[in-house]
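Note that our numbering numbers the sequence shown so that position 147 is 153, with each residue one more than the last.
We treat Cβ as the ideally placed atom computed from N, Cα and C, and that holds for glycine.
Note that this is a predicted model, so its numbers are computed, not measured.
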Amino acid sequence: NGFFQRIKGRLCPGSSKQQKSISAPSNSDEKPMSHFEEIQVLWSAPITKFYTNFVAYIAFLMFFTLAVLWPSCGNLLLDCFVWFWAAAIAFENTRVAYEKYCSQSSLPLQRAVLEIIVQTLFLALYLIFRIIGLWNFGTCQILTAKAILGVGLIYYYYRILFIFLPISPT
Numbered sequence: 007n008g009f010f011q012r013i014k015g016r017l018c019p020g021s022s023k024q025q026k027s028i029s030a031p032s033n034s035d036e037k038p039m040s041h042f043e044e045i046q047v048l049w050s051a052p053i054t055k056f057y058t059n060f061v062a063y064i065a066f067l068m069f070f071t072l073a074v075l076w077p078s079c080g081n082l083l084l085d086c087f088v089w090f091w092a093a094a095i096a097f098e099n100t101r102v103a104y105e106k107y108c109s110q111s112s113l114p115l116q117r118a119v120l121e122i123i124v125q126t127l128f129l130a131l132y133l134i135f136r137i138i139g140l141w142n143f144g145t146c147q148i149l150t151a152k153a154i155l156g157v158g159l160i161y162y163y164y165r166i167l168f169i170f171l172p173i174s175p176t
């Protein structure tokens with residue numbers, strides 16, 4: 007029963023004085039946390055969000071690598087799946103940059119804007135040369151499409167280093 011209390015104590019070290027008790031209540035006005043509240047505390051912790059984001063990004067890279075390695079013009083369903091996931095990443099980056107801009111913070115926006123431009127350019131090229139080319143003509147320009155996907159894959163692999171490595175404690 008104290009398992010979630012220990013997890014919450016490690017994930018939120020400053021909240022030990024204000025947290026609800028998971029074990030037997032010490033005061034008459036305190037109630038034990040329900041299982042839903044315990045799960046909510048666990049999933050709202052920053053470390054849980056970090057690792058969930060990291061695992062999802064690794065899964066994205068695995069699907070993207072599979073799309074690049076697929077022979078010939080590739081698989082249309084896999085290409086659409088990877089394109090929509092990359093578009094979701096670009097939209098999330100745009101949202102974060104917009105919130106940073108609206109908050110009037112002194113953080114620089116040049117890197118975020120450049121990253122959004124690069125991702126948008128990649129998405130447009132991916133859509134034109136790989137997905138629309140395969141739908142309209144039944145074939146795609148294999149060499150051009152593979153080169154675009156290869157450069158995009160290298161970009162996303164390097165991006166993981168710049169996102170997750172600076173957060174690491176080592």
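Going by beta carbons, F60 and V88 fall outside the 9 Å limit.
Distance between Q46 and Y107, taken at the CA atoms: about 30 Å. Looking at the backbone, the Cα of I160 and that of D85 are separated by about 17 Å. Around the CB of R101, fewer than 16 other CB atoms lie within 10 Å, so the residue is classed as exposed. When the Cα atoms are used, R136 and A92 turn out to be separated by approximately 14 Å.
The three-state secondary structure of C79, taken from DSSP, is coil.
The alpha helix (DSSP H) runs lying completely inside the segment 72–123 and spanning 4 residues or more are 82–108, given in chain order. Taking 9 Å as the cut-off, the Cβ atoms of Y63 and F128 do not count as close. In this model, S78 and Y163 are separated by some 23 Å (Cα to Cα).
R165 and M39 have their alpha carbons spaced roughly 40 Å apart. If the five residues before and after A103 are omitted, its C-beta is found closer than 7 Å to the C-beta atoms of L115, A118, V119 and I122, all from its own chain and listed in chain order.
In the structure shown, the three-state DSSP call for P52 is helix. Just so you know, the alpha carbons of N81 and A153 end up roughly 16 Å apart.
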